[in-house]
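The block underneath contains the structure these notes are about, expressed in structure tokens.
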Amino acid sequence: MPKNTLNYAVLLVLIAVVAYNSVYFKKLDEVKASAGTTGGSTFNAAAYAQKFWTEKLLPATSNAADLPTLTTLLKTDKAKGFDTYSHALGIGNIRYFLVKGEGKITSVGNDDVSVTLPSGETVKVATEYIFGNAARDASGLIKITEFDNTMDLNNVSAELNSIIRKQVVPSFKASAKPGATVKFVGAIELNREYLHLNNLEVIPISVEVH
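If you're matching positions, the sequence shown starts at 98 in my numbering and goes up one per residue.
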């Protein structure tokens, strides 16, 4: 082999080795996870949840669906009821609704307060087990594109539930008495495929007792 050709071949090998060690690939999910929702800084779920609660969720309560009207619609046209009023960040049959109602308190338990609506339906307003994604998803105001990973999404749910437990439930439990009138806005979870409208449980967002 001519000397010039040999030198050229060696040079090509060296370039290939340097290029191989200089370029590497990572999964997109890994890059996003390392960057975080805020592009490098640690995502503050508590701050996000408090801002969402104050600036978006509480104002959205004025647009909540009337609960008796919604249940009537779901009984007659389930598809329309879900398509019009439900929200969820994930795919599947579990959907969430932002609802409002007014009725008489019939009983106060350790875990919830039973409320009978003028329609005769009874719903339970939760006071103990505040968990899940209902408060986060019911309004449809949070978009999954705001987040880079599911951990941040789950943390927002946890923080919103914490706000309800600390800011909504204590005053409600203190004033809830059988026979009192209560106005509430809250979130409910329903399964599109296996729809059950009896004993609905409402996660409270806004409650007034008279």
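Where is the CB? At the ideal position from N, CA and C, for every residue including glycine.
Looking at the backbone, the Cα of A162 and that of N246 are separated by about 30 Å. Distances from the alpha-carbon of L292 to those of L171, P275, E199 put L171 closest.
With respect to the 8 Å criterion, P275 and V205 are classified as neighbours on the basis of their beta carbons.
About 19 Å separates the CB atoms of V282 and T169; that is not less than 8 Å, and the two are not in contact. For D209, DSSP records a beta bridge to A223.
Note that the C-beta distance between I261 and I239 is not below 8 Å.
In the DSSP assignment, K177 falls within the alpha helix (DSSP H) that extends over 175-182. Between the alpha carbons of V222 and V210 lies a distance of about 5 Å. Look at the beta carbons and you see the region 242-256 not touching the region 172-185: under three pairs across the two are nearer than 8 Å.
Among the bridge pairs identified by DSSP, S303 is matched with V282. Restricting attention to beta strand (DSSP E) runs no shorter than 3 residues, the region 220-272 encloses none. Sequence-distant partners of E286 (beyond 5 residues in either direction) whose C-beta falls short of 7 Å from its own C-beta, in its chain, are I191, Y193, G229, A231. In this structure, DSSP gives T166 a helical state, which the three-state scheme calls helix. In this structure, the CA atom of Q147 is about 10 Å from the CA atom of K153.
Rounded to whole angstroms, the gap between the alpha carbons of A284 and L195 is 5 Å. Around the beta carbon of K263, a 10 Å sphere encloses fewer than 16 other beta carbons of the protein chains shown; the residue is thus reported as exposed. Minimum Cα-Cα distance from I188 among the listed residues V299, N288, L167, L297 corresponds to N288.
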